[in-house]
Amino acid sequence: MITVMNAESYLKTKIDEGTVDIKNVWEAFKAFSKELVEGEEETEILFQCGVYNFTGEKLFHFDFVRQFSVFREGEYFHLEQLHCEFLFKPTKELKKLKVEEWSMDFEGIDDFFKHIESLKELIYL
């Protein structure tokens, strides 16, 4: 079974290292999002894109995130996030795009995926 500790290595086996094919990463990430993770009570997925200064440089981030709640001795301990992120120099067109959508705001994961795939920002897939 997948654990929070091995989630990153598990996902890496599903994505070719160094790939620049966003569509293939999205498809692998969607499948990974449906995998059970030990101790996970609820699957929380985020799609975000926009120009951010997370790295100390303003870049356009195109980011798929799976968030995990970590428990110790049955008590909430902290959150961890696993990102599949593409970074681009911000162009005039990219500066206009900004999305932050959480799966928990939808009835189910498939509804979330359908919504994300309908966004104009996904033209890059």
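For any residue, its number in my numbering is found by taking its place in the sequence shown, counting from 1, and adding 961.
For glycine and all other residues, C-beta sits at the position ideal for the given N, C-alpha and C.
| query | result |
| --- | --- |
| Taking 7 Å as the limit between beta carbons, can you name the residues of its chain near F1038, skipping five residues before and five after? | V1031 and F1032 |
| For M962, which residues of its own chain have a beta-carbon under 6 Å away from its beta-carbon, when the five flanking residues on both sides are left out? | E999 |
| For the putative contact between F990 and F1021, defined by C-beta atoms under 8 Å, what is the C-beta separation to the nearest angstrom? | Between F1021 and F990 the Cβ distance is about 18 Å, and since that is not below 8 Å, they are no contact. |
| Assign E1001 to one of two classes, buried (16 or more other C-beta atoms within 10 Å of its C-beta) or exposed (fewer than that). | buried |
| Just to confirm, is the Cβ distance from T1004 to I1077 under 8 Å? | no |
| Helix or strand or just coil, what does DSSP make of D1024? | strand |
| Just mark S1064 as buried or exposed, buried being the case when its beta carbon has 16 or more other beta carbons within 10 Å. | buried |
| Would you give the residue range spanned by the beta strand (DSSP E) that I1006 belongs to? | E1005 to Y1013 |
| Hey, quick one: how far does the beta strand (DSSP E) through L1061 stretch, first residue to last? | At residue 1061 the sequence reads Glu, which differs from the Leu that was named. Looking at the DSSP string, the run of the beta strand (DSSP E) that includes E1061 is V1060 to W1063. |
| Considering Cα atoms alone, identify which of F1025, V981 and E1068 is closest to A992. | F1025 |
| Based on DSSP bridge pairs, tell me the residues matched to S1030. | L1040 |
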